[in-house]
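There are 2 protein chains.
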Amino acid sequence: MSNTANAKLQIEKVKESRVSSIDFSDLAFGKTFTDHMFYCDYKNGAWQEPKIVPYQPMTIDPSARVFHYGQAVFEGMKAYKDDNGKVFLFRPDQNFKRINKSAARLAIPEFPENYFFEGLKTLVNMDKAWIQPGVGNSLYLRPFVIAIDSAIAAAPSESYRFMIICAPAKAYYKGTVRVLIAEKFSRSASGGVGFAKAAGNYAAQFYPTKLAQDRGYQQVIWTDADTHTYLEEAGTMNVFFRINDTLITAPISDRILDGVTRKSLIQLAADNDIPCEVRPIKVSEIVEASKDGSLKEIFGAGTAAVISPISAFEFQEQVYELPEVNEHSYSSRLKSKMLNIQHNLAEDKNGWRMEI
Amino acid sequence: MSNTANAKLQIEKVKESRVSSIDFSDLAFGKTFTDHMFYCDYKNGAWQEPKIVPYQPMTIDPSARVFHYGQAVFEGMKAYKDDNGKVFLFRPDQNFKRINKSAARLAIPEFPENYFFEGLKTLVNMDKAWIQPGVGNSLYLRPFVIAIDSAIAAAPSESYRFMIICAPAKAYYKGTVRVLIAEKFSRSASGGVGFAKAAGNYAAQFYPTKLAQDRGYQQVIWTDADTHTYLEEAGTMNVFFRINDTLITAPISDRILDGVTRKSLIQLAADNDIPCEVRPIKVSEIVEASKDGSLKEIFGAGTAAVISPISAFEFQEQVYELPEVNEHSYSSRLKSKMLNIQHNLAEDKNGWRMEI
Ligand SMILES: Cc1ncc(COP(=O)(O)O)c(C=O)c1O
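Residue numbers (the working numbering), protein chains in the order written: chain C, 1 to 356; chain B, 1 to 356.
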């Protein structure tokens, strides 16, 4: 799996940082980017010299394959700052592995491990003034790869650009989240690309999500495409259910993204004696559990929000409300454990933090 | 369905055409583009002024949503020239309807009908020197829409670019086509975006198609994602089967693209007393028909190649060879009927040609 390459990272710094002009208290997610970006082009069968340059628009042909065939994959990760100004990544090895797994499924060449980590660390270090300390603040890091061949034949590109851009972030989901359980639309097929962070998976969810939003639901929980019987995941989050005192989450498959937050929460549950089952969950099971009062919590888990408690779900035109979250809720307890590890406020016994 | 807008088309011509420098006898598909391109931006809730400008690269932010979430749709159509230099489109109304159907599923605003046709006709007319006369030659037209917001939140873009670029084309598939019938990978899910020309549908096929190619098959024929029991379509073609004297093609569903070639062939079959059934087809049915000698032909149908005869298929590690194509084959007969209509060499009793 591991691969390395040996060109030297080239660096061009901005003349003047824009950081002092940013109002960090009023920041829409993903619209403001830091001073620099990382990129590395693939051509003639090899990844070329990696570079860090001032953040800037790019020039690309209208025939670039990414525009026509969606040959693109991405990652989402965060850098955190503690009160002493130390900067940490959270399990970046997982994101590196996953972007290459996604890339392989989309016929994109894998990116060298040393370029990924050197690029990421150098970039975050150069732009660390953009990371606000304090739990809830972070720098969202977006590695991605796009097919840039100027050719519209429906076949894999011969040239690619790998990039990392960075956006200062606060909590991603605001307020309570009500969800609609999918009964008609679906997110991915068995044998398809649902397990990959493939660009096209996301646009495919926009319209059904918009329909849900028009009816007062922020997110859709996807079910299996054939029978809409089993609960799978949300648009950008895996999902956990608490019935009585047991957490349950669906197993990973080729339709479900193997979330870093999900796998970390499964471990944290074990570390904290919270029973957690990884097994298929029927919609009917949570409907029944809601009716008999044993369904205590549902929450989404993903890098953006860490944990998003869900306050209600709709299925077959019935709305099921969930109990209010309090400090004893698993969602509250696990979220603060995760945040404390990420922000260097708690012991990291699983070795998940990487200091920059 | 129909919608119109009323800004005037702005035109900026090239100083000098590149057409005389092109070797039309040696042209790779989709790598050479004509002198001009059409574009129109959507912002502040409306499509802005449509423009035709010299073909050129574009400037776009690395955070553009198309790169991250694959929010993009496209069309593929052709312009043909007859021996008197008249230029025709083939059923462009179908492509217009389909791009807006694709757009709606991807939460992209629909494009105005008058902008589409005025842009298309004016552009083809300006670049008609790029269309070679003669059956088999054409100008491939690629309308497409991409999400261009500089923002990486996973939600529909607020700004888009609609473009049309044009590439001179010869026959797309060369030689005989051997196909692998999908048993593990799949192209689309029920409730998904398979019926749309969504960018991400195509990249998702690259890897499985590459695996097939490594084993000597040019294309994959996709089956239903759940059971791999029913034949659906190929990567960029619908598929027809001839058993004895009857043509059979799968019905359209939300997993299958409603091909213009497919629907035209169904009509041409009716016009020419060729029995044609539109119904689900099991893989086992064609395997049996191949064994007992009643399977006479399989061919793909799409704008690029019109008709691509298939010479063999593999399923469950068995290879089934098909009889050789001759001039009595349905594929030969229907292909020449289509080409003759497209190139103004035959009567157009269904009113499919649109002269420019
Ligand atoms: C489809 C999908 N599921 C789940 C997740 C959560 O994954 P992670 O915890 O690695 O952020 C994401 C996140 O980014 C996602 O896109």
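The beta carbon of each residue, even a glycine, is placed where N, CA and C say it ideally should be.
Keep in mind that this is a model prediction, so the values were computed, not measured.
Give me whichever residues DSSP pairs with residue i in a beta bridge.
{"i": "C/R187", "result": "Per DSSP, none; premise fails for C/R187."}
{"i": "C/F90", "result": "C/R353"}
{"i": "C/G302", "result": "C/V306"}
{"i": "B/D41", "result": "B/R161"}
{"i": "C/Q318", "result": "C/F315"}
{"i": "B/L231", "result": "B/T223"}
{"i": "B/V14", "result": "In DSSP, B/V14 forms no bridge with anything."}
{"i": "C/L334", "result": "Answer is none; C/L334 lacks a bridge partner."}
{"i": "C/Y80", "result": "C/F88"}
{"i": "C/I52", "result": "C/I11, C/F38"}
{"i": "C/P143", "result": "C/I164"}
{"i": "C/R242", "result": "C/L247, C/E297"}
{"i": "C/I22", "result": "DSSP, once it has assigned bridges, lists no residue as partnering C/I22."}
{"i": "B/I60", "result": "C/M58"}
{"i": "B/R178", "result": "B/A312"}
{"i": "B/K101", "result": "Looking at the DSSP assignment, B/K101 forms no beta bridge with any residue, so it has no partner."}
{"i": "C/S138", "result": "C/A169"}
{"i": "B/M150", "result": "One point to set straight first is that residue 150 of chain B is Ser, not Met, in the sequence displayed. In DSSP, B/S150 forms a bridge with B/A64."}
How about residue i: is its Cβ closer than 7 Å to a heavy atom in ligand 1?
{"i": "C/E232", "result": "no"}
{"i": "C/K337", "result": "no"}
{"i": "C/K197", "result": "yes"}
{"i": "C/V260", "result": "yes"}
{"i": "C/M354", "result": "no"}
{"i": "C/T209", "result": "no"}
{"i": "C/A301", "result": "yes"}
{"i": "C/T236", "result": "yes"}
{"i": "C/F76", "result": "As written in the sequence, residue 76 of chain C is Gly, which differs from the Phe given in the question. For ligand 1, at least one heavy atom lies less than 7 Å from the Cβ of C/G76."}
{"i": "C/L257", "result": "yes"}
Which chain C residues sit within Cβ distance under 8 Å of residue i?
{"i": "B/R215", "result": "Result: empty, since nearest Cβ-Cβ is about 15 Å, beyond 8 Å."}
{"i": "B/G30", "result": "S63, A151, I152, A153"}
{"i": "B/P57", "result": "T59, I60, D61, P62"}
{"i": "B/M77", "result": "By Cβ distance, chain C contributes nothing, its closest Cβ being about 13 Å from B/M77, past 8 Å."}
{"i": "B/I146", "result": "F67"}
Below 8 Å on C-beta distance, what does residue i contact in chain B?
{"i": "C/L247", "result": "Per Cβ cutoff of 8 Å: no residues; C/L247 is ~25 Å from chain B at best."}
{"i": "C/I22", "result": "By Cβ distance, chain B contributes nothing, its closest Cβ being about 16 Å from C/I22, past 8 Å."}
{"i": "C/K210", "result": "A107, P156"}
List, in order along the chain, the chain B residues whose C-beta lies closer than 7 Å to that of residue i?
{"i": "C/S190", "result": "S186, A225, D226"}
{"i": "C/R105", "result": "Y207"}
{"i": "C/F33", "result": "S63"}
{"i": "C/A167", "result": "I152"}
{"i": "C/A312", "result": "Near C/A312 there are no residues of chain B at all, since even the closest Cβ is about 21 Å away, more than 7 Å."}
{"i": "C/V193", "result": "A204"}
{"i": "C/M163", "result": "P62"}
{"i": "C/F74", "result": "H68"}
{"i": "C/R242", "result": "Here the premise fails: no neighbours, minimum Cβ distance about 26 Å."}
{"i": "C/R91", "result": "Those within 7 Å of C/R91 in chain B number zero; the least Cβ separation is about 21 Å."}
Using a Cβ cut-off of 9 Å, pull out every chain B residue sitting near residue i, in sequence order please.
{"i": "C/M37", "result": "P62"}
So with CB distances below 7 Å, who are the chain C contacts of residue i?
{"i": "B/R18", "result": "Those do not exist, as B/R18 stays about 15 Å from chain C at its closest Cβ, beyond 7 Å."}
{"i": "B/R98", "result": "Neighbours of B/R98 on chain C: none; closest Cβ ~15 Å, over 7 Å."}
Using a cut-off of 9 Å between C-beta atoms, extract the partners of residue i located in chain C.
{"i": "B/T236", "result": "A154"}
{"i": "B/Y320", "result": "Simply none; closest approach about 22 Å."}
{"i": "B/Q48", "result": "Within 9 Å Cβ-Cβ: nothing; B/Q48 doesn't reach chain C, min ~17 Å."}
{"i": "B/A198", "result": "G70, G200, A203, A204"}
(request) Assess, as a yes-or-no matter, whether the region 293-300 of chain C is touched by the region 233-248 of chain C under the definition of 3 or more beta carbon pairs within less than 8 Å. (result) yes
(request) Flag this pair as touching only if the region 193-201 of chain B and the region 250-264 of chain B have three or more C-beta atom pairs under 8 Å; answer yes or no. (result) yes
(request) Check whether the region 159-170 of chain C touches the region 34-48 of chain C, taking contact to mean three or more Cβ pairs, one atom from each stretch, closer than 8 Å. (result) yes
(request) Flag this pair as touching only if the region 221-235 of chain C and the region 136-146 of chain C have three or more C-beta atom pairs under 8 Å; answer yes or no. (result) no
(message) Under 8 Å, with one C-beta from each stretch per pair, do the region 146-158 of chain B and the region 92-100 of chain B reach the 3-pair mark?
(response) no
(request) Specify whether the region 104-113 of chain B and the region 123-132 of chain B touch according to this definition: at least 3 beta carbon pairs, one from each stretch, less than 8 Å apart. (result) no
(message) Using a Cβ distance threshold of 8 Å, determine whether the region 44-54 of chain C contacts the region 83-90 of chain B, with at least three qualifying pairs required.
(response) no
(message) For the structure I just gave you, are there three or more beta carbon pairs, one from the region 210-228 of chain C and one from the region 199-218 of chain B, closer than 8 Å?
(response) no
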